Amino acid sequence: MSSFSPPAPTPSLTCTRVKSTSRLYGLEDIVRAPKGNYIVSHLDLPAVYHHPDVKKDPAVAVGMPSSSTPRLWSLSKQDFEPGREDDAQELSAAPCEIKNWPKDVALIPHGISIRADVLAVVNHAYSKGGERIERFRVDGRTLRHLGGIELSSLVGYGTLNAVALLDDGESFLATTWLPPVLAHGKHGKQSGLLHQVKEILYALSGSPHTRIVWCRAGAKSADSCRLLDPPCRLCNGIALSKSGRRIFVADSLRRTIVAFDVKFADPAEPPKLERAWTASLRRPLYPDNVRVDDKGDLYIAACGPVTQFLVHQSELHAWTDKLMHLSPAERLHAKPPSPTHDIGAAFVIPADQAEGEGPAPSLTPSIVLSGDEIGFGSFSSAIRADDGSWLFGSFADAGVLRCSAQ
């Protein structure tokens with residue numbers, strides 16, 4: 015087997031964690047919102063990997079929006095004014111104010127997506143609401159809940175991962191991971207040798223690890239949604255192009271970014287996904303998330319092999335077991351098995367190539383960071399701020415990382 019040397023870290027970058035986020039682990043997904051704001055989702059891994067029981071486990075309270083650990087955060091435009099690189103430590107985040115939220119539903123966000131002023135959120139509410147997609151109207155730091163769809167009956171034992179709102183701001187496409195890719199208490203704890211053997215056999219079988227969920231505009235329940243044929247082995251991040259005619263999907267298993275043209279014969283019926291191009295990442299990078307900015311450029315966040323190992327192995331499960339027995343205050347200081355010796359990378363595909371009809375774009379990292387140097391080695395999302403700096407989120411590291419040229 016030939017060896018491969020990872021890309022060299024990008025020089026001349028200053029990286030700091032955004033203030034008020036440095037103790038929060040799992041600030042995974044970042045989107046650019048109206049009025050120059052950025053919204054960040056705070057993924058609660060213990061709740062994702064386990065099924066909280068409100069009668070036995072006080073941890074379920076952490077998932078409620080009224081808890082001391084807010085789940086959706088906002089970074090405002092003034093936090094990223096040009097010329098403030100020397101004052102980067104003073105950048106701060108504030109919790110979003112959530113209105114009209116149902117009292118009996120927990121909020122444990124994962125992937126998020128925005129179209130105009132509508133925000134869609136993957137919500138692992140489980141015993142307090144099921145596996146859901148929520149929609150909010152965004153007004154600065156205020157999020158007004160528009161409604162949610164419980165998809166547990168459709169995805170079964172699967173776990174929703176990422177979501178992409180379509181042009182109408184109501185219909186959406188979402189990726190769902192099938193067991194045994196993610197093991198959590200919703201379908202019984204799975205760990206140890208037997209679980210690893212199941213994963214290996216499933217991987218060798220060539221069966222898809224994911225499906226795509228489509229819900230039409232006006233959907234109130236899973237009855238208005240459908241599972242589409244899996245377009246990839248492990249669909250992770252998903253994003254809609256600026257034109258609204260194409261989606262981009264990160265296939266983590268195949269280390270590829272796949273573009274599909276979305277074609278509707280009838281808006282009330284599921285779309286047909288036609289492959290437009292496939293671009294490959296070189297080892298050892300795995301694509302995690304994709305994001306399209308206001309210009310239509312496609313941003314790709316990629317992590318290294320250590321992060322991928324943690325996703326499937328017992329170290330992460332053991333950490334979540336530990337957190338289940340800690341108070342909310344103690345969780346803020348608990349450190350996960352952070353892959354700081356891993357590498358993270360970000361790619362940018364210009365809009366004309368992302369939406370073009372030509373050959374697949376070549377993927378060359380725009381930025382590569384070593385966790386050994388910055389203590390932040392897992393990229394779950396990447397986007398550029400208005401001042402040109404980079405913003406990174408991670409499911410396994412603390413805070414939002416901001417990197418700018420020296």
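The sequence shown lines up with residues 15 to 420 when you count with my numbering.
Where a beta carbon is used, it is the ideal one built from N, C-alpha and C, also for glycine.
From a predicted model like this one, the values you see are computed outputs, not experimental measurements.
Considering only the beta carbon of each residue, do Cys110 and Arg155 sit closer than 8 Å?
Counting from 1 along the sequence shown, the entry for residue 110 is found at position 96. Counting from 1 along the sequence shown, the entry for residue 155 is found at position 141. Contact: yes.
Is the segment 249-260 close to the segment 111-124, with three or more CB pairs under 8 Å?
Under the three-pair Cβ rule at 8 Å, the segment 249-260 does not count as touching the segment 111-124.
Between the C-alpha atoms of Ser88 and Thr292, what's the straight-line distance to the nearest angstrom?
As a position in the sequence shown, residue 88 is number 74, starting the count at 1. As a position in the sequence shown, residue 292 is number 278, starting the count at 1. C-alpha separation (whole angstroms): 33 Å.
Would you kindly work out how many angstroms separate the C-alpha atoms of Asp101 and Cys29, rounded to a whole number?
Residue mapping note: residue 101 aligns to position 87 of the sequence shown, counting from 1. Residue mapping note: residue 29 aligns to position 15 of the sequence shown, counting from 1. Because Asp101 sits at a pLDDT of 47, beneath the cut-off of 50, its placement in the model cannot be relied upon, and the following sentence gives the value as read from the coordinates. A straight line joining the alpha-carbon of Asp101 with that of Cys29 spans about 12 Å.
Which residues DSSP lists as bridging Val119, in chain order
On the sequence shown, position 105 is the one that residue 119 refers to. Checking the DSSP bridge columns, you'll see Val119 has no partner listed.
Give the list of continuous alpha helix (DSSP H) stretches no shorter than 4 residues that lie fully inside the segment 133-172.
The qualifying runs are 166-169.
Sorted by chain position, which residues of the same chain lie with C-beta nearer than 6 Å to Lys49's C-beta, five sequence neighbours on each side aside?
Stepping through the sequence shown from its first residue, residue 49 is reached at position 35. Spatial neighbours of Lys49 in its own chain (CB-CB distance under 6 Å, excluding positions within 5 residues in sequence) are listed in chain order as Gly154.
Alpha carbon to alpha carbon, how far is Gly402 from Cys417?
Here residue 402 is taken as the residue at index 388 of the sequence shown, counted from 1. Here residue 417 is taken as the residue at index 403 of the sequence shown, counted from 1. If you take the alpha carbons of Gly402 and Cys417, they lie about 9 Å apart.
So, Arg269 versus Tyr313, is the Cβ gap smaller than 8 Å?
The residue labelled residue 269 in the question sits at position 255 within the sequence shown. The residue labelled residue 313 in the question sits at position 299 within the sequence shown. In this structure, Arg269 lies away from Tyr313, with their beta-carbon atoms at least 8 Å apart.
According to DSSP, residues forming a beta bridge with Ala176:
The residue you call residue 176 lines up with position 162 of the sequence shown. Paired residues: Thr189.
Strand pairing of Pro109, partner residues [DSSP]
The residue you call residue 109 lines up with position 95 of the sequence shown. Pro109 is bridged to Trp87.
CB Asn303 to CB Ala176, shorter than 8 Å?
Position 289 of the sequence shown, counted from the start, is the residue given in the question as residue 303. Position 162 of the sequence shown, counted from the start, is the residue given in the question as residue 176. Contact flag set, yes.
Taking C-beta to C-beta, are Ala315 and Ser380 nearer than 8 Å?
Within the sequence shown, the letter at position 301 stands for residue 315. Within the sequence shown, the letter at position 366 stands for residue 380. Result no, Cβ atoms of Ala315 and Ser380 do not sit closer than 8 Å.
Counting C-beta neighbours from all protein chains within 10 Å, is the total for Pro375 16 or more, i.e. buried, or is it exposed?
For the purposes of this step, residue 375 is identified with residue 361 of the sequence shown, where counting begins at 1. Residue environment analysis places Pro375 among the buried positions, since at least 16 neighbouring C-beta atoms fall within 10 angstroms of its C-beta.
What is the DSSP secondary structure of Ser380, reduced to helix, strand or coil?
Counting from 1 along the sequence shown, the entry for residue 380 is found at position 366. Reduced to three states, the DSSP call for Ser380 is coil.
Looking at Ile397 and the ligand FAD, is the gap between the Cβ and the nearest heavy atom below 7 Å?
With respect to the ligand FAD, the structure offers nothing, as it holds no ligand at all.
Is DSSP giving Ser238 helix, strand or coil here?
By one-based count along the sequence shown, residue 238 stands at place 224. Ser238: helix per DSSP, three-state reduction.
For the alpha helix (DSSP H) containing Ala368, list its first residue and its last residue.
Translated into the one-based positions of the sequence shown, residue 368 becomes position 354. Per DSSP, Ala368 belongs to the alpha helix (DSSP H) from Ala365 to Ala368.
Quick check on DSSP: helix, strand or coil for Val74?
Mapped onto the sequence shown, residue 74 falls at position 60. Caution is warranted here: a pLDDT of 41 is assigned to Val74, below 50, making its placement in the model unreliable, and no coordinate value can be reported.
Buried or exposed (CB count within 10 angstroms, at least 16 for buried), Ser392:
Position 378 of the sequence shown holds residue 392. With 16 or more Cβ atoms within 10 Å of its Cβ, Ser392 is classed as buried.
With 16 other Cβ atoms within 10 Å as the buried cut-off, status of Phe18:
As a first step, residue 18 is located in the sequence shown; it is residue number 4 there, counting from the start. Only weak support exists for where Phe18 lies, its pLDDT of 37 falling under 50; the coordinates are left without a value.
Span of the beta strand (DSSP E) around Ser294:
The residue given as residue 294 occupies position 280 in the sequence shown. Note, Ser294: beta strand (DSSP E), Lys286 to Ser294.
For the beta strand (DSSP E) that Lys49 lies in, which residues bound it at each end?
Position 35 of the sequence shown, counted from the start, is the residue given in the question as residue 49. Lys49 -> no beta strand (DSSP E), and no H or E assigned at all.
Compute the Euclidean distance between the alpha carbons of Asn114 and Gly161, then round it to the nearest angstrom.
In the sequence shown, the residue the question calls residue 114 occupies position 100. In the sequence shown, the residue the question calls residue 161 occupies position 147. Roughly 9 Å separates the two Cα atoms.
Tell whether a beta-carbon distance below 8 Å holds between Thr190 and Arg225.
Within the sequence shown, the letter at position 176 stands for residue 190. Within the sequence shown, the letter at position 211 stands for residue 225. A Cβ-Cβ contact shorter than 8 Å links Thr190 with Arg225.
If you run the structure through DSSP and keep just helix, strand and coil, what is Gly385?
Here the question's residue 385 lines up with position 371 in the sequence shown. Three-state DSSP puts Gly385 in a helix.
Identify every residue that forms a DSSP beta bridge with Gly358.
On the sequence shown, position 344 is the one that residue 358 refers to. Under DSSP, Gly358 shares a beta bridge with Cys317 and Leu383.
Grouping DSSP H, G and I as helix and E and B as strand, with all else coil, what is Val304?
Position 290 of the sequence shown, counting from 1, holds the residue named residue 304. In this structure, Val304 counts as strand in the three-state DSSP scheme.
For the beta strand (DSSP E) containing Gly251, name the first residue and the last one.
The residue labelled residue 251 in the question sits at position 237 within the sequence shown. It spans Cys249 to Leu254 - the beta strand (DSSP E) in which Gly251 sits, taken as one unbroken run.
Is there a Cβ from chain C that is less than 8 Å from the Cβ of Leu312?
Looking at the structure shown, chain C is missing, and only one protein chain is on hand.
Buried or exposed for Ser257, please, with buried defined as at least 16 other CB atoms from any protein chain shown within 10 angstroms of its CB.
The sequence position of residue 257 within the sequence shown is 243, counting from 1. Its Cβ having fewer than 16 others within 10 Å, Ser257 is exposed.
By the three-class DSSP mapping on this structure, what secondary structure does Cys229 have?
Position 215 of the sequence shown holds residue 229. If DSSP states are grouped into helix, strand and coil, Cys229 belongs with the strands.
Hey, how far is the Cα of Leu57 from the Cα of Phe278?
Here residue 57 refers to the residue found at position 43 of the sequence shown. Here residue 278 refers to the residue found at position 264 of the sequence shown. If you draw a straight line from the Cα of Leu57 to the Cα of Phe278, it is about 33 Å long.
Please classify Pro364: is it buried, with 16 or more other beta-carbons within 10 angstroms of its beta-carbon, or exposed?
Start at 1 with the first residue of the sequence shown, and residue 364 comes out as number 350. With fewer than 16 Cβ atoms within 10 Å of its Cβ, Pro364 is classed as exposed.
Based on DSSP bridge pairs, tell me the residues matched to Cys417.
As a first step, residue 417 is located in the sequence shown; it is residue number 403 there, counting from the start. Beta-bridge pairing links Cys417 to Cys29 and Trp404.
Sequence-distant residues of its chain with Cβ nearer than 8 Å to Ile397 (five each side left out)
As a working mapping, residue 397 is identified with position 383 in the sequence shown. By the criterion of a C-beta distance shorter than 8 Å, Ile397 is surrounded in its chain by Ile44, Val45, Arg46, Tyr52, Arg305, Asp307, Tyr313, Trp404 and Leu405, once the five residues flanking it on both sides are discounted.
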